[in-house]
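There are 2 protein chains.
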Amino acid sequence: MSGKPVSLKILAAHLGLTVPTVSRALNNYADISPATRERVKRAADELGYSPNQNARRLSIGSSETIGYLMPRFSSSIAQPFVAQLLQGLGEALSKRNWDLLVIHADSSKDELTQIERTARSGRVGGLVISRPIKNDPRIRLMQDLKCPFVVHGRTASCDDYAWYDVDGEDAFVTAVNHLVALGHSRVAFVGAPLQYQFAQDRLNGYQRALQDNGLSLDQDLIQIAEFSDDGGEIATNMLLDLPNPPTAMVCLSDTMALGALAAIRARGFVPGVDISVIGYDGLKFGEHANPPLTTMAQPQAHAGRRLGDMLLSIIDGDDPSKHQELQRAHLLRRKTDGPLHVAKVLNHVSEREKIQ
Amino acid sequence: MSGKPVSLKILAAHLGLTVPTVSRALNNYADISPATRERVKRAADELGYSPNQNARRLSIGSSETIGYLMPRFSSSIAQPFVAQLLQGLGEALSKRNWDLLVIHADSSKDELTQIERTARSGRVGGLVISRPIKNDPRIRLMQDLKCPFVVHGRTASCDDYAWYDVDGEDAFVTAVNHLVALGHSRVAFVGAPLQYQFAQDRLNGYQRALQDNGLSLDQDLIQIAEFSDDGGEIATNMLLDLPNPPTAMVCLSDTMALGALAAIRARGFVPGVDISVIGYDGLKFGEHANPPLTTMAQPQAHAGRRLGDMLLSIIDGDDPSKHQELQRAHLLRRKTDGPLHVAKVLNHVSEREKIQ
DNA sequence: TAGCTAACCGAAAGCGGTTTCGTAGAGCAA
DNA sequence: TTGCTCTACGAAACCGCTTTCGGTTAGCTA
Chain S
1 MSGKPVSLKI LAAHLGLTVP TVSRALNNYA DISPATRERV KRAADELGYS PNQNARRLSI
61 GSSETIGYLM PRFSSSIAQP FVAQLLQGLG EALSKRNWDL LVIHADSSKD ELTQIERTAR
121 SGRVGGLVIS RPIKNDPRIR LMQDLKCPFV VHGRTASCDD YAWYDVDGED AFVTAVNHLV
181 ALGHSRVAFV GAPLQYQFAQ DRLNGYQRAL QDNGLSLDQD LIQIAEFSDD GGEIATNMLL
241 DLPNPPTAMV CLSDTMALGA LAAIRARGFV PGVDISVIGY DGLKFGEHAN PPLTTMAQPQ
301 AHAGRRLGDM LLSIIDGDDP SKHQELQRAH LLRRKTDGPL HVAKVLNHVS EREKIQ
Chain F
1 MSGKPVSLKI LAAHLGLTVP TVSRALNNYA DISPATRERV KRAADELGYS PNQNARRLSI
61 GSSETIGYLM PRFSSSIAQP FVAQLLQGLG EALSKRNWDL LVIHADSSKD ELTQIERTAR
121 SGRVGGLVIS RPIKNDPRIR LMQDLKCPFV VHGRTASCDD YAWYDVDGED AFVTAVNHLV
181 ALGHSRVAFV GAPLQYQFAQ DRLNGYQRAL QDNGLSLDQD LIQIAEFSDD GGEIATNMLL
241 DLPNPPTAMV CLSDTMALGA LAAIRARGFV PGVDISVIGY DGLKFGEHAN PPLTTMAQPQ
301 AHAGRRLGDM LLSIIDGDDP SKHQELQRAH LLRRKTDGPL HVAKVLNHVS EREKIQ
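Quick look at the structure:
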């Protein structure tokens with residue numbers, strides 16, 4: 001049924017028409033008679049014609065493609081979102097038959113040259129950037145290049161570009177407030193390096209909530225570690241070794257929180273009873289944690305779709321600053337948050353003192 | 001530093017040369033003097049020239065792009081692999097500066113027309129197909145279209161195309177053998193609908209292992225449910241309601257196994273003590289399950305890389321049937337497998353009998 | 001029947017590259 | 001100086017499609 005691709009030329013020859021005529025017929029130009037238009041279209045899908053997109057896009061001067069900058073991840077546990085985001089982007093693009101290009105960079109410096117080449121080569125009409133760091137050079141580069149883009153997440157100064165984000169600061173205020181309402185006053189923060197803006201945002205929320213509740217800021221209760229379950233475990237061990245350990249903790253992500261649970265259980269404590277833990281993300285896997293993880297769940301489902309729609313609008317000429325969407329996370333109570341029970345943790349500390 | 005994209009034409013004008021000369025200089029043709037070649041290259045990256053890929057690819061007759069058919073997923077928990085696979089594909093492609101296109105289809109019928117259009121439009125030089133079903137129509141279509149492709153997974157008759165797969169049958173033989181060695185004789189299978197070839201493969205392994213060990217095939221011990229954690233939970237409940245429940249079970253995936261653990265715990269049993277459970281995939285999250293999930297871990301890391309390399313070779317003219325790679329999964333013991341302890345489960349059954 | 005308009009299609013140019021072919025000029029030998 | 005070979009570049013054609021511009025024919029009016 002098929003050998004080599006059928007071009008407009010052989011379709012035209014088959015019909016006894018010229019190439020431009022066939023082209024206009026397929027594109028519903030008004031100066032083609034309805035009769036030949038139908039004849040052309042019928043022949044087109046009988047022969048299985050599909051326009052060469054490289055040629056077409058060169059001609060119309062649009063790539064009809066957007067690019068997604070794949071985040072490079074160290075830990076293999078950290079990317080449950082990628083597939084969902086791509087799915088959403090695909091949905092947004094499919095309405096116009098645009099394509100989705102995944103852009104991969106090996107190193108961080110490589111990423112910038114990669115972006116520049118991609119933008120300048122006309123392969124994409126716009127880009128989706130994920131997980132910005134503070135003063136993200138990619139954002140400035142895109143602005144210099146005057147290439148449309150949207151950011152999944154945002155930076156401190158985010159007035160002049162388009163973004164979709166979940167309010168991490170607000171989420172951590174909510175989480176800490178919840179723990180305080182349960183009676184906790186020594187609430188710790190388990191975080192990752194602050195180069196990522198979202199890490200800073202969530203820490204800000206933690207600190208603001210402590211102040212709002214009239215609690216003092218104890219630097220010992222802020223533990224920064226690698227952004228992974230192992231990092232969460234290490235940070236939690238540091239906290240539990242403190243002379244005056246926390247009775248509750250908020251974790252930068254569910255993944256880190258899983259590590260925290262492991263550390264807590266390893267010492268014979270029961271998460272949610274002896275020490276409360278709240279994660280962030282709302283991963284489904286949290287349901288199956290030990291015990292099921294309480295978390296600030298973010299509405300991930302629509303991110304890709306919204307980002308795709310935004311980017312298309314901007315490519316159409318919309319002002320990027322008109323497309324900024326801030327979602328809120330909500331508390332999803334499972335089993336790792338509970339009222340203050342100081343007894344066991346403090347006993348443990350005094351035992352330790354005795355031994356030393 | 002930039003306004004509108006700089007083309008070969010304006011680069012040539014800037015240099016006082018013609019367009020073809022500049023093109024050949026940049027592409028290291030021998031008939032360009034070293035002097036002008038250097039001059040051209042310097043000017044090129046001073047002006048930030050990057051060739052228009054639509055034009056270039058039209059001209060050279062190659063899209064320099066491969067496509068990845070995004071699997072459509074029902075449950076949002078099932079996609080930890082996508083990002084890793086894309087990463088690997090990206091690595092394989094970056095060596096040649098090829099691009100990676102993600103192809104999204106809304107429905108199943110839509111997928112076939114999508115594939116056909118994509119192949120015929122010259123957007124991709126080849127395709128990566130994931131998770132084939134039995135007699136997958138996509139595979140036949142690709143063969144009819146004579147478009148290079150590789151399959152992540154494989155079907156029953158997989159002699160004449162390229163694929164990368166992990167031996168699910170072998171894995172389940174290993175898992176069942178392990179459980180039998182621990183003393184179990186009533187081993188159940190928790191699976192998903194058999195339209196997916198991998199679901200059938202793993203069931204085959206389960207059945208073969210039972211025969212190898214001289215155990216009878218009890219159809220009641222085979223429970224097929226939706227491919228999700230909820231499905232695993234439902235299936236497990238069916239098994240536990242049996243008059244003669246299993247003392248061990250193998251699950252199609254870690255995700256389903258997590259559901260199984262939930263069902264087991266809900267009845268007051270301890271997974272790994274009262275009932276053994278072995279999953280499949282080796283997800284990192286399994287470490288944090290309750291208790292940590294024993295699983296058949298598959299070497300996922302290289303799949304994308306290998307598939308990308310295969311596809312490029314085939315596009316270069318290699319015989320697809322020369323590229324077939326079967327990996328093995330290995331048993332990763334955590335805490336849900338243990339020696340036979342019939343007492344509690346059987347007591348539970350007799351209690352139930354008494355009540356009725 | 002001349003003249004005008006509208007409908008319909010062909011001719012030509014262009015998108016931005018690549019590649020083949022041709023040729024002016026440099027260099028060299030006789 | 002003639003004649004030859006290379007060297008190094010320009011001219012032209014092409015990839016497959018879109019779009020502008022002209023021109024032929026039919027159909028209508030006067």
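Chains as they are written, first to last, in the numbering used here: chain S, 1 to 356; chain F, 1 to 356. Virtual Cβ for every residue (Gly too), placed ideally from N, Cα, C.
With a threshold of 16 other beta carbon atoms within 10 Å, F:A266 falls short and is exposed. Of S:R39, S:Q84 and S:I66, the smallest CA-CA separation from S:H302 is found for S:Q84. Relative to the Cα of S:T21, the nearest Cα in the group S:V6, S:V40 and S:K4 belongs to S:V40.
For F:Q195, there is no enclosing beta strand (DSSP E), since its DSSP letter is neither H nor E.
In the three-state reduction of the DSSP assignment, F:V82 falls in the helix class, which pools H, G and I. Comparing C-alpha distances from S:D319 to each of S:L93, S:D159, S:S7 and S:P80 shows the shortest one belongs to S:D159. Rounded to the nearest angstrom, the Cβ distance from F:P246 to F:R186 is 4 Å, consistent with a contact under 8 Å. Nearest neighbour of S:L145 by Cα position, chosen from S:L127, S:A156, S:N135 and S:I133, turns out to be S:L127. Under DSSP, S:V187 forms a beta bridge with S:A248.
In the DSSP assignment, F:H178 falls within the alpha helix (DSSP H) that extends over G168 to A181. The C-beta of S:Q219 comes no closer than 8 Å to any C-beta of chain F. Taking a C-beta distance under 8 Å as the contact criterion, S:N290 and S:A263 do not qualify as a contact pair. Across the stretch 276-306 of chain S, CB contacts with chain F closer than 8 Å involve K284, F285, E287, H288, A289, N290, P291 and A301, in sequence order along the chain.
S:V19 sits in a helix when the DSSP states are folded into three classes. The Cβ atoms of F:L258 and F:L239 do not sit closer than 8 Å to each other. Burial check for S:Y29: the Cβ neighbour count within 10 Å stays below 16, so the residue is exposed. Beta-carbon to beta-carbon, F:N213 and S:S121 are separated by about 60 Å, too far to satisfy the 8 Å threshold.
Burial state of F:A156 is exposed, judged by a 10 Å Cβ sphere holding fewer than 16 other Cβ atoms.
The alpha helix (DSSP H) runs of length 4 or more contained entirely in the stretch 279-315 of chain S are, from start to end of the chain, 303-315. Around the CB of S:T18, fewer than 16 other CB atoms lie within 10 Å, so the residue is classed as exposed. By the Cβ criterion, the stretch 159-176 of chain F is in contact with the stretch 305-312 of chain F, since at least three pairs of Cβ atoms, one from each stretch, lie closer than 8 Å. In the same chain as S:E111, and ignoring 5 residues on each side of it, the C-beta atoms closer than 6 Å to its own belong to A105, in chain order. Considering only beta carbons, the part of the stretch 48-61 of chain S lying closer than 7 Å to chain F consists of G48, S50, P51, N52, Q53, N54, A55, R57 and L58, in chain order. Put simply, the CB of S:Q79 is near chain F, with a gap under 8 Å to one of its CB atoms. Pairing F:L86 with S:G153, the inter-Cα distance amounts to about 21 Å. In the same chain as S:P137, and ignoring 5 residues on each side of it, the C-beta atoms closer than 8 Å to its own belong to L112, in chain order.
Judged by DSSP in its simplified three-state form, S:P148 adopts coil rather than helix or strand. In this structure, S:G67 places its C-beta atom within 8 Å of the C-beta atom of S:V124. Residue-level contact check: F:R267 does not touch chain S, since none of the beta carbons of chain S fall below 8 Å from its beta carbon. With fewer than 16 other Cβ atoms from the protein chains shown falling within 10 Å of its own Cβ, S:P34 counts as exposed. Across the stretch 313-325 of chain F, no CB contact with chain S closer than 9 Å is found for any residue. Take S:Y280, set aside five residues on each side of it, and the residues of its chain with a beta-carbon closer than 8 Å to its own are G168, A171, F172, A175, R202, V250, C251, L252, S253, D254, A257, T295, M296, Q298 and A329, in chain order.
Contact annotation, F:D241 with F:I278: C-beta distance approximately 21 Å; criterion of less than 8 Å not satisfied. By alpha-carbon distance to F:Q114, the top candidate from F:E226, F:L141 and F:L93 is F:L141. Per DSSP, the unbroken alpha helix (DSSP H) holding S:G259 starts and ends at D254 to A266.
Bounds of the beta strand (DSSP E) holding F:V128 are G126 to S130.
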